[in-house]
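Residue numbers (UniProt numbering): 1 to 278.
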């Protein structure tokens, strides 16, 4: 046997396909939630559109008719419905962020187990988290946009700065959604999801300047109100709608909400990794 016959060529190593970057993978996770929403969007019409509209009518025009009879000096000289409309927008964005981050995230782990199926793919836990947040951001933007259209249709906007109401409302909603999602993924029982709504959202709605100025609260509780994220969102939306927002206060409100969002993103990247890595 010749030496050439004994020579064996080393096997060629096939080049593995390159893994898509995190942005691409996050959008793939987002498309999964978008596909699901295309089949279930009708169930969200009431909570997303009609509920806030009726709430604005009851509080703004119903209660507002009684408030306006006693003068509007404490409201800055505007009618009560004009005063409360941007605050209801802020509350609506907060509820949209929390509602889309708590129960769907828990369901992704325990009910429909979408997260469990997603981790069997090339998606990393951080991609699953960011993709879901993209969908939550879309839902917040849709709900806020519809409400802003209603505000404009009823003549409740008095400033051209109101064109920035949509990004302000989305920022507020995402500031609540990121920490809620980061926390919800760690839960083992669904009863705990009622706590942020019962002890968080409801007190914030009542004492963050939504229905009356914070200056009417007792002096000892005002600093607590000023420290809440909803107050910053209400003040930002109201200032844009009424045209009373200054550059300094805008920077304060946006910085606070952006910092809360960044903290939620940091926290969520770690809680998702702990829960979804085997």
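We treat Cβ as the ideally placed atom computed from N, Cα and C, and that holds for glycine.
Proximal residues to residue i (C-beta, below 6 Å), its chain only, five neighbours per side dropped
i, result
"residue 366", "As shown, the chain starts at 1 and ends at 278. That puts residue 366 outside it, with no answer to give."
"residue 264", "178, 179 and 182"
"residue 126", "269"
Rounded straight-line distance, which links the Cα of residue j to that of residue i
i, j, result
"residue 119", "residue 155", "48 Å"
"residue 245", "residue 50", "29 Å"
"residue 122", "residue 187", "24 Å"
"residue 165", "residue 148", "8 Å"
"residue 151", "residue 198", "28 Å"
"residue 108", "residue 158", "42 Å"
"residue 81", "residue 209", "14 Å"
"residue 243", "residue 86", "12 Å"
"residue 219", "residue 76", "20 Å"
"residue 277", "residue 34", "24 Å"
"residue 31", "residue 44", "18 Å"
"residue 161", "residue 239", "9 Å"
Nearest-angstrom Cβ-Cβ length linking residue i and residue j, presumed shorter than 8 Å
i, j, result
"residue 171", "residue 257", "5 Å"
"residue 136", "residue 272", "Actually they are not in contact, since the Cβ atoms of residue 136 and residue 272 sit about 14 Å apart, beyond 8 Å."
"residue 57", "residue 84", "No, residue 57 and residue 84 are not in contact; Cβ-Cβ is about 11 Å, not under 8 Å."
"residue 249", "residue 235", "7 Å"
"residue 143", "residue 48", "5 Å"
"residue 237", "residue 153", "At roughly 17 Å, the Cβ-Cβ gap does not stay under 8 Å, so residue 237 and residue 153 are not in contact."
"residue 94", "residue 233", "7 Å"
Same chain, Cβ closer than 8 Å to residue i, neighbours up to 5 away in sequence not counted
i, result
"residue 261", "171, 174, 175 and 178"
Chain-order list of residues whose beta-carbon lies under 7 Å from that of residue i (same chain, five-residue window excluded)
i, result
"residue 268", "129, 178, 181 and 182"
"residue 139", "96 and 100"
Ignoring anything shorter than 4 residues, give me the alpha helix (DSSP H) runs that lie fully in the region 49–106, in order along the chain.
51–56 and 64–69
Fully enclosed by the region 170–223, which alpha helix (DSSP H) runs are 4 residues long or longer?
202–207
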